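K.L.:
There are 4 protein chains.
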Amino acid sequence: MSTFGKAIPVNLFGESHGKAIGITINNLPGGIKLDIEKINQELFKRRPKSKLSTSRREQDEVVFLSGFFDGKTTGTPLTVVVNNNDTRSRDYTPNILRPSHADYTAHMKYNQSQDYRGGGHFSGRLTTPIVILGAIAQQILEQKGIIIASHINSIKDMNDLNFSDVTPNEEILRKLQQSDFPLINNDDQSLFEDVILNAKEHKNSVGGTIETCILNMPVGYGDPFFDSIESILAHLLFSVPAIKGVEFGKGFDITTLLGSEANDPFQIVDGKISTKTNHSGGIQGGISNGMPITFKVAVKPTASIGLPQETVDIETMSPTTLNLQGRHDPCIVHRVIHVINAITAYGILEIMARKEGLSWINS
Amino acid sequence: MSTFGKAIPVNLFGESHGKAIGITINNLPGGIKLDIEKINQELFKRRPKSKLSTSRREQDEVVFLSGFFDGKTTGTPLTVVVNNNDTRSRDYTPNILRPSHADYTAHMKYNQSQDYRGGGHFSGRLTTPIVILGAIAQQILEQKGIIIASHINSIKDMNDLNFSDVTPNEEILRKLQQSDFPLINNDDQSLFEDVILNAKEHKNSVGGTIETCILNMPVGYGDPFFDSIESILAHLLFSVPAIKGVEFGKGFDITTLLGSEANDPFQIVDGKISTKTNHSGGIQGGISNGMPITFKVAVKPTASIGLPQETVDIETMSPTTLNLQGRHDPCIVHRVIHVINAITAYGILEIMARKEGLSWINS
Amino acid sequence: MSTFGKAIPVNLFGESHGKAIGITINNLPGGIKLDIEKINQELFKRRPKSKLSTSRREQDEVVFLSGFFDGKTTGTPLTVVVNNNDTRSRDYTPNILRPSHADYTAHMKYNQSQDYRGGGHFSGRLTTPIVILGAIAQQILEQKGIIIASHINSIKDMNDLNFSDVTPNEEILRKLQQSDFPLINNDDQSLFEDVILNAKEHKNSVGGTIETCILNMPVGYGDPFFDSIESILAHLLFSVPAIKGVEFGKGFDITTLLGSEANDPFQIVDGKISTKTNHSGGIQGGISNGMPITFKVAVKPTASIGLPQETVDIETMSPTTLNLQGRHDPCIVHRVIHVINAITAYGILEIMARKEGLSWINS
Amino acid sequence: MSTFGKAIPVNLFGESHGKAIGITINNLPGGIKLDIEKINQELFKRRPKSKLSTSRREQDEVVFLSGFFDGKTTGTPLTVVVNNNDTRSRDYTPNILRPSHADYTAHMKYNQSQDYRGGGHFSGRLTTPIVILGAIAQQILEQKGIIIASHINSIKDMNDLNFSDVTPNEEILRKLQQSDFPLINNDDQSLFEDVILNAKEHKNSVGGTIETCILNMPVGYGDPFFDSIESILAHLLFSVPAIKGVEFGKGFDITTLLGSEANDPFQIVDGKISTKTNHSGGIQGGISNGMPITFKVAVKPTASIGLPQETVDIETMSPTTLNLQGRHDPCIVHRVIHVINAITAYGILEIMARKEGLSWINS
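Written out as structure tokens, the structure is:
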């Protein structure tokens with residue numbers, strides 16, 4: 022199932038080495054002007070481009086197959102694809118299972134018929150259409166005053182500050198949005214990079230955590246139980262490859278506090294109700310309370326590493342050693358961060374559109 | 022939205038002090054014998070009953086409104102309710118917002134029309150129908166050989182062992198299922214209880230973490246992207262009140278490992294492919310890999326505490342102090358654990374039924 | 022699957038002789054005042070009450086299990102049931118298949134476990150919750166100025182006028198809404214009744230057609246393709262037992278016209294665009310065009326008749342004769358008409374809420 | 022909303038003069054061999070090619086963007102497109118509303134931003150991806166022994182026989198499948214063609230009815246109420262442009278019969294239960310009863326005609342006359358018939374896969 026959404030249903034498709042990867046976005050009203058330049062900027066951010074990433078070159082051109090005419094949405098399904106021009110089919114040995122990749126599970130699920138080339142549907146490349154989706158969602162949310170940004174919260178055991186250490190405001194978020202390697206405390210950037218470069222040097226990889234903030238989310242969105250904001254966002258966040266944990270507000274750390282420390286006292290500031298602390302991450306009973314929504318995700322170390330790995334040849338059913346060739350990302354945290362922003366923007370748009378309707382989107 | 026599911030859609034309803042709480046379960050095939058005794062046992066487990074819980078007495082009788090006839094499912098929608106017999110409407114002051122409860126968000130979302138009595142739809146009582154749902158799902162999964170159990174992984178800063186410290190097997194899980202206060206390492210039970218009793222004595226509360234294991238999950242279930250096993254389970258887990266974090270396998274800790282440490286090498290044991298470690302928690306590319314599925318959830322400290330709390334009177338829009346009277350749970354981790362088992366069982370049934378169909382359920 | 026809807030999902034449940042029949046309505050915003058008296062009036066209309074119907078007495082009391090508090094919706098799932106007080110379990114011989122009932126198909130689909138008493142889930146009694154749903158939907162639509170009414174278009178070969186013969190306006194529709202036996206041309210009522218009474222006298226039954234009009238539906242609702250207004254309404258209409266045909270506007274008769282006769286020319290009247298004729302029934306490209314939406318449904322003759330019928334004993338697998346005892350409706354057209362109005366109101370509310378959102382409902 | 026389906030969700034997209042039209046088909050299991058030749062044959066059937074149709078030339082090449090590899094489905098979303106090579110943008114005057122087209126409703130719904138060129142998303146061309154979908158579904162159903170075919174039941178007032186006049190069997194259905202102008206009674210073909218040619222000569226158009234038969238549908242599929250077979254099929258059938266009526270079995274005509282005539286008596290033939298007549302069209306209580314499923318649809322006369330038509334210029338808001346130039350189909354019944362077969366095949370696959378699951382599809 023590569024579909025999601027009730028108000029704005031989307032349908033993701035594509036394989037790494039197929040003709041194209043893309044997404045269909047349904048129900049966007051007609052007449053939304055889309056800033057193509059901004060979409061390309063978001064794609065550019067996700068693209069590997071420094072010594073911290075793979076040296077592969079991905080140059081993606083956004084092609085609208087439908088739903089876009091005269092610079093505006095038409096109101097009918099918007100299908101956008103990126104053609105897979107550069108798919109030199111390198112030597113693949115699909116029978117040698119790559120540890121902690123989806124090779125084995127895909128093989129079993131799809132009756133040995135998956136497109137294994139370049140990871141197929143499981144390729145990180147499939148996050149490209151999600152970034153496009155997010156860029157469109159963010160354009161809409163910006164009109165409503167909602168700002169979404171993330172920072173690298175940690176790489177391996179190197180930690181940035183948290184949003185709870187500062188008061189997240191527009192200025193901070195804008196700075197994070199514009200950065201290639203977004204940190205709250207920029208002074209440490211070179212130390213973070215060293216961790217990545219060190220892993221690269223040893224043909225190894227590292228992971229990390231990302232923290233996201235949604236600013237100016239109005240009160241009263243989301244539902245108790247099955248469509249809590251946490252439920253919707255976690256559903257989407259866990260659909261991003263390599264994500265192994267999601268926590269809201271203070272997250273797992275809240276379990277070490279007493280109730281009297283964990284609770285967020287209400288206050289009135291400038292005639293408006295807010296909470297003194299924001300351990301709840303802007304959500305109570307599944308519903309936004311007007312405070313910034315904050316959450317963290319855990320990104321596992323890149324599964325593709327240059328070091329030899331024990332594994333199995335599924336054809337011969339015998340143990341073997343995998344020696345991955347080629348260029349691999351020693352860390353994807355600083356690339357995944359743009360996917361997290363994107364899917365969050367879509368999630369928030371979906372949540373708000375369920376309540377406010379489609380006409381509201383470009384009202 | 023209190024609905025979930027495509028294969029087995031469910032619809033939760035009810036308020037704490039309304040006529041009844043309940044759930045409709047759709048699409049169960051006709052002819053499934055339901056063991057009512059087992060359903061009642063599961064309900065009994067969730068019920069407050071020791072010095073570690075509130076002294077309120079909840080005695081719930083399961084009433085089938087539809088879909089159940091002659092001891093078997095009929096195949097048509099199964100609606101089961103628990104009547105709210107004991108709803109002495111105590112003095113409520115809905116205008117005094119309880120910190121970290123849904124009072125404020127519900128007030129705003131529902132146009133001041135929510136049923137505020139006893140927490141209304143947000144009451145922990147609403148997890149009763151989820152436990153019933155889970156008891157039914159577990160009966161079906163047991164027929165397929167799948168076992169689900171959880172243990173209290175921590176209360177405040179007191180920690181149990183992890184599933185990764187032992188090899189989860191049927192014996193361990195059965196013991197956990199039968200326990201009122203399930204721990205892997207039972208020797209520490211009194212220390213855990215002390216933490217709770219200490220909080221109770223100080224009119225305060227504590228939270229903790231729960232770790233769950235799904236044993237004998239076959240390989241090949243779940244989907245990449247939007248319906249990954251992580252996505253579906255996290256969606257459901259975050260719909261349980263008080264859950265603020267979900268992580269699979271090694272979860273957030275995996276971010277501090279190198280790729281070479283984090284990856285799960287494949288091996289062949291007894292002619293079958295498995296992984297040497299299970300940091301991935303039984304899921305790769307969103308799809309089950311045949312290893313035990315493991316995850317942890319964070320349960321925040323009970324929001325209702327006896328200590329005075331700063332808050333706001335929303336009617337007068339002025340600051341005030343909340344002094345909650347009555348009996349409150351100093352800790353809900355050992356009660357929520359049964360809800361986690363229940364919703365997990367439903368999630369796994371939903372995931373499997375999507376692929377195998379409805380006829381498979383009682384085949 | 023007894024669920025429907027994306028904006029306002031509903032879940033129908035119950036069997037004729039179970040504890041209760043009911044429906045859960047999700048996503049209604051908090052604060053909608055419900056006129057219980059009007060709901061009861063709608064139920065009363067559907068109830069058998071004259072010589073034209075069965076002499077069984079159904080007295081239904083509407084019970085809100087959840088979602089309704091202080092005379093208003095709470096915003097959380099609204100579950101309303103009607104208890105099955107009067108379920109004297111008469112002698113049923115479920116092994117003798119009643120022709121053109123669901124006995125055989127239910128037996129096969131539900132693994133011989135269906136609740137066969139009184140037709141179980143297939144009983145016409147299950148339309149009671151639909152009438153309640155419709156009464157609620159109509160209250161909301163009335164606030165938006167939308168009026169829905171139907172007339173008996175034919176009973177057997179006795180025909181009323183069509184909406185295309187008159188100009189449907191509020192006055193006509195109000196009169197139809199208030200009638201127990203709604204006809205455009207009331208002069209013929211006794212002739213219609215004679216057809217029914219004649220069937221009754223001969224222990225036989227008759228069917229007929231119903232024509233429905235939705236007045237003041239604004240332009241621009243519905244979607245091309247899978248969620249055309251025709252698709253949504255037909256989906257719902259065909260879920261009403263005994264409906265075997267649905268046609269919009271001129272329906273099947275349009276196939277005998279030339280294009281030049283069938284097309285609805287546009288005109289400008291009072292500065293507004295409308296069509297001179299309304300053969301399209303108010304819908305073009307699946308989307309409302311501002312003209313009255315009109316459609317007809319075919320109601321088959323009541324399957325339960327007093328005459329002996331050839332059939333099969335499914336237990337002995339031998340031919341037999343069925344002699345139905347008891348009181349049966351010689352015609353249900355004048356009862357089903359209220360179900361048609363109800364499900365239409367729900368369908369229109371669902372269609373509009375998808376576009377305008379939930380906040381719009383009581384704005 | 023251009024999405025449908027729970028077991029096999031699909032997402033249609035495209036505009037007549039955009040880059041491409043296409044469809045994404047989700048959840049097909051991996052390893053289904055697709056016969057591309059058969060897909061092309063189905064497309065060829067739908068294509069205008071005789072004197073009875075427009076002289077426009079549509080040559081469509083099926084391009085798989087994803088989900089298809091090595092001649093088999095991969096199990097991930099299958100996106101298939103047809104590029105719009107031949108889109109000479111002729112002179113369009115989108116402000117002159119074409120009567121009984123979607124010009125006006127699209128203009129209003131999409132905030133004047135619809136792609137109006139060639140009918141945009143409303144173009145009959147959008148049925149091309151539906152035919153591809155149907156060709157794939159039919160390949161799967163054929164493996165299960167299920168055969169779907171249709172005949173032209175009438176053109177204007179010229180009538181063919183009905184399926185109830187013959188006993189539909191494999192031989193009859195195969196003959197209909199292979200015909201370009203399928204009639205049960207072929208002797209009358211030239212008379213039917215004369216009706217169409219006569220309309221063409223007068224720059225006018227005609228409509229008609231199509232009757233469809235689903236043979237070997239096993240008993241026990243479909244649901245009571247909202248997902249009755251009638252509901253699902255009618256939902257899909259009414260999503261085909263130009264369809265204004267749908268009736269099952271005897272349809273509207275059943276309303277003129279007595280219950281004793283309308284009911285289908287059960288019998289035992291060769292040890293199996295069947296019905297003597299099939300007025301119910303193979304469906305009772307929304308569920309298949311093992312008899313052939315039969316239904317008819319009404320196709321309105323082509324809205325595009327050469328004769329001058331009264332209409333409105335929406336820009337100047339003044340009355341005007343429309344003189345459509347170019348080549349138009351005088352009748353689309355014999356083209357739409359292939360779309361009806363296609364969408365029916367998809368509907369039946371969806372209904373069966375809901376019950377039997379995805380693994381069943383290529384088991």
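Line by line, the protein sequences are chains Z, V, U and W.
The first sequence runs 22 to 384 under our numbering.
The second sequence runs 22 to 384 under our numbering.
The third sequence runs 22 to 384 under our numbering.
The fourth sequence runs 22 to 384 under our numbering.
Ideal Cβ positions, reconstructed from N, Cα and C, are used throughout, including at glycine.
Given the structure is predicted, the values throughout are model-derived calculations rather than measurements.
1. So with CB distances below 9 angstroms, who are the chain W contacts of Leu379/V?
2. From what residue to what residue does the beta strand (DSSP E) around Glu268/U run?
3. Going along the segment 335-351 of chain Z in order, which residues come within less than 8 angstroms of chain V, judged by CB to CB distance?
4. Name the chain V residues whose beta carbon is nearer than 8 angstroms to that of Glu36/U?
5. Between Ile161/Z and the rest of its own chain, which residues show a CB-CB distance below 8 angstroms, the 5 nearest in sequence each way excluded?
6. Under 8 angstroms between C-beta atoms, does Leu27/U make it to chain Z?
7. Around the C-beta of Ile57/U, are 16 or more other C-beta atoms found within 10 angstroms, so that it is buried, or is it exposed?
8. Which value, in whole angstroms, describes the spacing of the CA atoms of Ala158/Z and Thr149/Z?
9. State the start and end residues of the unbroken alpha helix (DSSP H) segment that holds Asp334/U.
10. Closer than 8 angstroms, CB to CB, is Glu251/Z near chain V or not?
11. Identify the residues that DSSP records as bridge partners of Ala366/W: which are they?
12. If you measure beta-carbon to beta-carbon, which residues of the segment 129-144 of chain U are closer than 7 angstroms to chain W?
13. Are the beta-carbon atoms of His142/V and Glu36/V separated by less than 8 angstroms?
14. What distance in whole Å lies between the Cβ atoms of Arg356/U and Ser74/U, which are believed to be in contact at a cut-off of 8 angstroms?
15. Put Val318/Z into one of helix, strand or coil per three-state DSSP.
16. Please state whether the Cβ-Cβ distance between Gly303/U and Ile294/U is less than 8 angstroms.
17. According to DSSP, is Phe259/Z helix, strand or coil?
18. Would DSSP call Met179/W helix, strand or coil?
19. Taking 7 angstroms as the limit between beta carbons, can you name the residues of its chain near Ile117/V, skipping five residues before and five after?
20. Look at the alpha carbon of Leu379/V and the alpha carbon of Ser281/U, and state the distance between them as a whole number of angstroms.
21. Ala283/U: which of Leu279/W, Ala263/W, Asn105/W, His359/W sits nearest, CA to CA?
22. So that I know if they touch, is there some Cβ in chain V lying closer than 8 angstroms to that of Met22/Z?
23. By DSSP, does Ile358/U sit in helix, in strand, or in coil?
24. If we ignore side chains and look at the alpha-carbon of each, how far apart do Leu194/U and Lys93/U end up?
25. Report the partner residues of Cys234/V according to the DSSP bridge assignment.
26. With 16 other CB atoms within 10 Å as the buried threshold, where does Asp136/W fall?
27. Using 8 angstroms as the Cβ pair cut-off and three pairs as the minimum, do the segment 163-170 of chain W and the segment 192-209 of chain W touch?
28. Measure the CB-CB distance between Thr276/U and Ile361/U and report whether it falls below 8 angstroms.
29. Quick check on this structure: which residue in Ile44/U, Asp91/U, Gln133/U has the alpha carbon closest to the alpha carbon of Pro50/V?
30. Where do the N-terminal and C-terminal ends of the beta strand (DSSP E) with Phe339/Z fall, by residue?
31. Please name the residue in Ile153/U, Phe90/U, Ile29/U whose C-alpha comes closest to that of Arg68/U.
32. Once you ignore the five residues that flank Ser71/U on each side, which residues in its own chain have a CB closer than 6 angstroms to its CB?
33. Can you check whether the C-beta of Lys165/Z is within less than 8 angstroms of a C-beta belonging to chain W?
34. Rounded to whole angstroms, what's the CA-CA distance from Ile231/U to Asn207/U? Just pull it up for me.
35. Of all the options Asn174/U, Val240/U, Asp178/U, Ile253/U, which has the alpha carbon lying nearest to the alpha carbon of Pro203/U?
36. Nearest-angstrom Cα distance between Pro239/W and Met373/W?
P.N.:
By the coordinates alone:
1. Arg375, Lys376, Glu377, Gly378
2. Boundaries of the beta strand (DSSP E) around Glu268/U: 264-269.
3. Ile335, Met338, Ser339, Pro340
4. Listed along chain V, the residues sitting closer than 8 angstroms to Glu36/U by beta-carbon distance are Ser87, Gly88, Phe90, Thr95, Thr97.
5. In chain order, Ile53, Leu370, Ile382, Asn383 place their CB closer than 8 angstroms to the CB of Ile161/Z, counting only its own chain and leaving out the 5 sequence neighbours on each side.
6. Reading the sequence as shown, one finds Lys at residue 27/U and not Leu. Closer than 8 angstroms to some Cβ of chain Z, the Cβ of Lys27/U qualifies, so yes.
7. exposed
8. 14 angstroms
9. Counting along the chain, Asp334/U falls outside any alpha helix (DSSP H), though it belongs to the beta strand (DSSP E) covering 330-334.
10. yes
11. In DSSP, Ala366/W forms no bridge with anything.
12. Met129, Lys130, His142, Phe143
13. yes
14. 6 angstroms
15. strand
16. no
17. coil
18. Strand, per DSSP.
19. Thr332, Asp334, Thr341, Leu343, listed in sequence order.
20. Those two C-alpha atoms are separated by around 50 angstroms.
21. Ala263/W
22. yes
23. In the structure shown, Ile358/U sits in a helix (DSSP, three-state: H, G or I).
24. 28 angstroms
25. Ala170/V, Thr315/V
26. buried
27. yes
28. no
29. Gln133/U
30. Looking at the sequence shown, residue 339/Z is not Phe but Ser. It spans 339-343 - the beta strand (DSSP E) in which Ser339/Z sits, taken as one unbroken run.
31. Ile153/U
32. none
33. For Lys165/Z, the answer is no, since every Cβ of chain W falls outside 8 angstroms of its Cβ.
34. One C-alpha to the other measures close to 15 angstroms.
35. Asn174/U
36. The alpha-carbon separation between Pro239/W and Met373/W amounts to approximately 10 angstroms.
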